[in-house]
Amino acid sequence: MVRCGLIHAGMAVVLAAAAVAHGAAAPAVRLVADRADSGGAVAVPQLADGDVATQWNSGPLDLRQAPANLFVIFPEPAVVAHLELETVVSKGALRVTDFEVYGRVDAGWALLGQVSGSTATTQSVDLKPCRTRHVRVRLRDNAREGHSWAVLGEIRWSLAEGSAASAALSPSAVADETAGERLAVAAALGELPVYPRAAFDPERGVIGYARSFVDTLLAAGTDRYGTQTSPMFVSLLLLEDGQHARSVLPAMPGQRQGDRAMFGGNLQHDVPLLLALPHLSRLTGDGRYDEASRAYLAFFLEHCTATPTGLWPWGEHAHWDFFEERPGHTLHEYLGAPPPEFLEAAWALRPQAVIGEADGLLNHVRDLETFQFCRHAEIDRPLGEPRQADRKGLDFPRHGGMFVRLWAFAYSRTGENRYLDWCQGMMRHFTLVRQADGTLPVLSRYSDRQALGPGFGCNLSVGVSLLESSVWLGQTPCGDQARRLGRELLDTLAAAPPRVPHVAFAMAYGSSEFAGADALLRLQAFRLTGDVRHRAAAMAFAEAYAAVEAIPAEVPVRAMVYGILVNLYLDLADLDPNPAWMAAAERYARWGIEDLWCRGLFRGASGGVIYDSECFVSTFVYSLVRLEARQRGGAAPLPPLVYHR
């Protein structure tokens, strides 16, 4: 195996920018951390700029389980005699109390010194003499609740004078170092294993790769941990051995650690996969896949949904921890809108669980008069009465639209009027916060923060959600209101000047570079309204990406990007006989397989070294199964995947 790459090629720019001067030290000394509050390895030159106010933090991971590592990298071997860290007291807690210092010896690490139980903001240690290019500072603990969010303001070091002798140190095992930490260290030092791209085998076909991936998950990727095994799929697997690392794994650029199901599985990541599996059984004649989908969902509904609020442990943060047999995170936030066929399958298996989720969504609502809400809600703690008006939260409109969808579905199955009341309350909130130009703001004046201004994407997401909801609400006044408001929001969007599509493949938290999900929603808006302006916008986006001749090699392309693009072209092929759409679908499917296929799994992103469900590999697999069904012609087609919004 070649060991010469970064976790992604784009990180090379980050590490190259890490060169800093430190006193009399050579200007090529570099400081690198293996993580920050989001993403993976990062240059930290600010820790040697003489200003303790320019800080770095380690993010939300418990230092006792996942130590944070920083590296001082010299251009030539040197002997560091003394090292000093400057930390802070923040929110009443000292942010570093315990750390170890190692020097690199051959391919291993030798312990040079350590500090335990410090109570000072300035912490120093004399080091055993070791001539090395790499000094590793391993943060082990702090005084903060949760033992996370370590903060450093400065790293200082002094070199031994003259040609100081180096002790004969032998590398030894780093205490408690996990497979995940070893990967994080390798990523920071640019030494991750590099797995070659696959060569697409036309004899195997797209269905062959999709089937092999699912076979790998069924053989090695189900929940075999904790006190109770289950048919749920684990979220993270190493490509090296196809196993779960049983430890925290490094994030890719732009990825937040708190969004990953580190020790379990996340149903919202897997929804497209569960929807694809029955079709995979139909196309292959192998009933195991349909059975696996039902078993996964049935287990989750029966064993994972009995929470104090009824809210399910799934979404952007919450998941099911396979080792602890409990929610792995207690913050509920939707990542996507569960498709009708998923809700119907869940209802058929366990109606009370679906009702629990629908009723639990009221835990997001902070004010029952204005229906001011927060995208976040605690799974394990119901809101008291009166509601916490002082805790307004972030009322991202797309989340409110997804709440209406589930309430509308629950009404269609139960006839309970409370769901109509809640739908009307949320639509009243949308009306209260709409701007003079008809747009919904990204955040409203009721939010904890100032409104971020109009967002046509909000009109798109909410408008589609309301029109979808109106089908379940039927010919009720609430259904009429959903149809009227949904059309108004989409009409405002359609009347806006068209934007020139920007071709980008990168995805990162807080970034909107890749806008493929909006193109899918535009086609759904066309299907719901018949307004050809929405179809034209989606076609313009699709044409721009169809003109791409090759994927930029330096960009880590997530599986979700390939999945959205293939699904987009299949949507267009259903609506327009132009053969260019099928050709584009087949090309992006092939490119995705070549970029992502490795050792029986699809990586989370091109150039990566793990399978990561948070990158929505499931969306890509759905697109492959759907493409196969479309290519066969006579096979019943898979419906459009209008999940991401």
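If you read the sequence shown in numbering that gives the first Met the number 0, its first letter stands for residue 0, the second for the next number, and so on. All C-beta atoms, glycine included, are put in the ideal place defined by N, C-alpha and C.
task = Using a threshold of 8 Å, state whether the C-beta atoms of THR177 and SER234 are closer than that.
result = In the sequence shown, the residue the question calls residue 177 occupies position 178. In the sequence shown, the residue the question calls residue 234 occupies position 235. With contacts defined as CB atoms closer than 8 Å, THR177 and SER234 fail to qualify as a contacting pair.
request  = Rounded to whole angstroms, what's the CA-CA distance from ASN458 to ALA435? Just pull it up for me.
outcome  = Residue mapping note: residue 458 aligns to position 459 of the sequence shown, counting from 1. Residue mapping note: residue 435 aligns to position 436 of the sequence shown, counting from 1. Approximately 13 Å between the Cα atoms of the pair.
For the putative contact between ASP258 and GLU315, defined by C-beta atoms under 8 Å, what is the C-beta separation to the nearest angstrom?
For this step, residue 258 is matched to residue 259 along the sequence shown. For this step, residue 315 is matched to residue 316 along the sequence shown. ASP258 to GLU315, Cβ: 6 Å. Contact.
For the beta strand (DSSP E) containing MET231, name the first residue and the last one. Here residue 231 is taken as the residue at index 232 of the sequence shown, counted from 1. Where MET231 is concerned, the enclosing beta strand (DSSP E) stretches over 229 to 232.
With DSSP collapsed to three states, give me the class of ALA628. As a working mapping, residue 628 is identified with position 629 in the sequence shown. DSSP places ALA628 in helix when its eight states are reduced to three.
Paired residues, beta bridge with THR131 - DSSP:
Stepping through the sequence shown from its first residue, residue 131 is reached at position 132. For THR131, DSSP records a beta bridge to ALA77.
Exercise for the section: Can you grab the Cα-Cα spacing for the pair LEU569 / ALA185, in whole Å? Expected result: Position 570 of the sequence shown, counted from the first residue, corresponds to residue 569. Position 186 of the sequence shown, counted from the first residue, corresponds to residue 185. Distance between LEU569 and ALA185, taken at the CA atoms: about 40 Å.
By the three-class DSSP mapping on this structure, what secondary structure does ALA32 have?
Along the sequence shown, one-based indexing puts residue 32 at 33. In the structure shown, ALA32 sits in a strand (DSSP, three-state: E or B).
**Prompt:** With which residues is LEU431 paired in a DSSP beta bridge?
**Reply:** Within the sequence shown, numbered from 1, the residue matching residue 431 stands at position 432. By DSSP's assignment, LEU431 forms no beta bridge with any residue.
Extent of the continuous alpha helix (DSSP H) to which TRP346 belongs:
If you number the sequence shown from 1, residue 346 lands on position 347. Going by DSSP, TRP346 is part of the alpha helix (DSSP H) stretching over 339 to 348.
Exercise. So TYR642 and PRO338 are in contact, right, with Cβ under 8 Å, and what is the actual spacing, rounded?
Worked result: Residue mapping note: residue 642 aligns to position 643 of the sequence shown, counting from 1. Residue mapping note: residue 338 aligns to position 339 of the sequence shown, counting from 1. The Cβ separation is near 6 Å, so the contact holds.
inquiry  = If the criterion is Cβ atoms closer than 8 Å, does the pair GLY264 and PHE321 meet it?
reply    = Here the question's residue 264 lines up with position 265 in the sequence shown. Here the question's residue 321 lines up with position 322 in the sequence shown. Cβ distance < 8 Å, so GLY264 and PHE321 count as in contact.
Is it buried or exposed, GLN242, if we count other Cβ atoms within 10 angstroms and call 16 or more buried? Translated into positions along the sequence shown, residue 242 becomes position 243. GLN242 should be labelled exposed.
- [ ] Have a look at ALA106 and PRO312 and give me their C-alpha separation to the nearest angstrom.
- [x] As a first step, residue 106 must be located in the sequence shown, where it is residue number 107. As a first step, residue 312 must be located in the sequence shown, where it is residue number 313. Straight-line spacing of the CA atoms in ALA106 and PRO312 works out to 42 Å.
Next item on the list: Look up ALA20 in the DSSP assignment and say whether it is helix, strand or coil.
Entry: Residue mapping note: residue 20 aligns to position 21 of the sequence shown, counting from 1. Below a pLDDT of 50, predicted positions are generally treated as unreliable, and ALA20, at 36, falls in that range; no measurement from the model is reported.
Q) Do TRP471 and PHE402 come within 8 Å of each other at the CB atom, strictly closer than that value? A) Within the sequence shown, residue 402 is the residue found at index 403, counting from 1. Within the sequence shown, residue 471 is the residue found at index 472, counting from 1. Between PHE402 and TRP471, the gap from beta carbon to beta carbon reaches 8 Å or more.
| query | Three or more beta-carbon pairs under 8 Å between the segment 474 to 493 and the segment 577 to 589, yes or no? | reply | As far as the Cβ criterion goes, the segment 474 to 493 does not touch the segment 577 to 589, which means the pair count is below three.
Sorted by chain position, which residues of the same chain lie with C-beta nearer than 7 Å to PRO381's C-beta, five sequence neighbours on each side aside? Start at 1 with the first residue of the sequence shown, and residue 381 comes out as number 382. For PRO381, where only same-chain residues beyond five positions count, the Cβ hits under 7 Å are PRO307, THR308, ASN362.
Sub-8 Å separation of VAL645 and TRP108 beta-carbons: There is simply no residue 645 to check, as the chain begins at 0 and stops at 644 in what is shown.
- Query: Alpha carbon to alpha carbon, how far is LYS127 from VAL620?
  - Reply: Counted from its first residue, the sequence shown places residue 127 at position 128. Counted from its first residue, the sequence shown places residue 620 at position 621. Near 53 Å, if we compare the C-alpha coordinates of VAL620 and LYS127.
Notebook entry, point to check: Which residues in the same chain as LEU310 place their Cβ atom closer than 7 Å to its Cβ, once the five residues preceding and following it in sequence are excluded?
Noted result: Residue mapping note: residue 310 aligns to position 311 of the sequence shown, counting from 1. Contacts found: HIS331, GLU356, GLY359, ASN362, ALA376, ILE378.
Residue nearest to THR369 in terms of C-alpha spacing, selected from ALA183, GLY335, TRP406, GLY424: The residue you call residue 369 lines up with position 370 of the sequence shown. With distances taken between Cα atoms, THR369 lies closest to GLY424.
Backbone secondary structure at GLU487 - three-state DSSP
Stepping through the sequence shown from its first residue, residue 487 is reached at position 488. Helix, per DSSP.
Taking just the CA atoms, how far does VAL43 sit from GLN296?
To locate residue 296, count along the sequence shown from 1; it is residue 297. To locate residue 43, count along the sequence shown from 1; it is residue 44. Looking at the sequence shown, residue 296 is not Gln but Leu. Approximately 44 Å, taken between the alpha carbons.
What residue range is occupied by the uninterrupted alpha helix (DSSP H) comprising THR283?
-> Counting from 1 along the sequence shown, the entry for residue 283 is found at position 284. Segment 266 to 283, the alpha helix (DSSP H) holding THR283.
Give a yes or no on whether the C-beta atoms belonging to VAL95 and ALA149 are separated by under 8 Å. Residue 95 sits at position 96 when you count from the first residue of the sequence shown. Residue 149 sits at position 150 when you count from the first residue of the sequence shown. Between VAL95 and ALA149, the gap from beta carbon to beta carbon is short of 8 Å.
- request: Using the Cα positions of PRO593 and LEU62, report the straight-line distance between them to the nearest angstrom.
  value: The residue you call residue 593 lines up with position 594 of the sequence shown. The residue you call residue 62 lines up with position 63 of the sequence shown. It is worth fixing the name first, because residue 593 is Glu in this sequence and not Pro. Answer to the nearest angstrom: the Cα atoms are 37 Å apart.
message = Relative to the C-alpha of GLY112, which candidate in ALA549, ALA119, ARG135 has its C-alpha closest?
response = As a first step, residue 112 is located in the sequence shown; it is residue number 113 there, counting from the start. The shortest Cα separation from GLY112 among ALA549, ALA119, ARG135 belongs to ARG135.
Touching by the beta-carbon criterion (3+ pairs, under 8 Å), the segment 272 to 279 and the segment 615 to 629: Between the segment 272 to 279 and the segment 615 to 629, the count of Cβ pairs shorter than 8 Å is three or higher; the stretches touch.
Whole runs of the alpha helix (DSSP H) within the segment 143 to 206, excluding any shorter than 4 residues
If we require 4 residues or more, the alpha helix (DSSP H) runs fully inside the segment 143 to 206 come out as 178 to 187.
message = Within a Cβ cutoff of 8 Å, which residues of the same chain sit near ASP200, ignoring the five residues on either side of it in sequence?
response = The residue labelled residue 200 in the question sits at position 201 within the sequence shown. Around ASP200: GLY207.
- Query: How many Å lie between SER57 and LEU69 at the Cα?
  - Reply: Here residue 57 refers to the residue found at position 58 of the sequence shown. Here residue 69 refers to the residue found at position 70 of the sequence shown. Put simply, the backbone Cα of SER57 is about 10 Å away from that of LEU69.
- Message: So for ASN141, helix, strand or coil by DSSP?
- Response: For this step, residue 141 is matched to residue 142 along the sequence shown. It is coil, neither helix nor strand.
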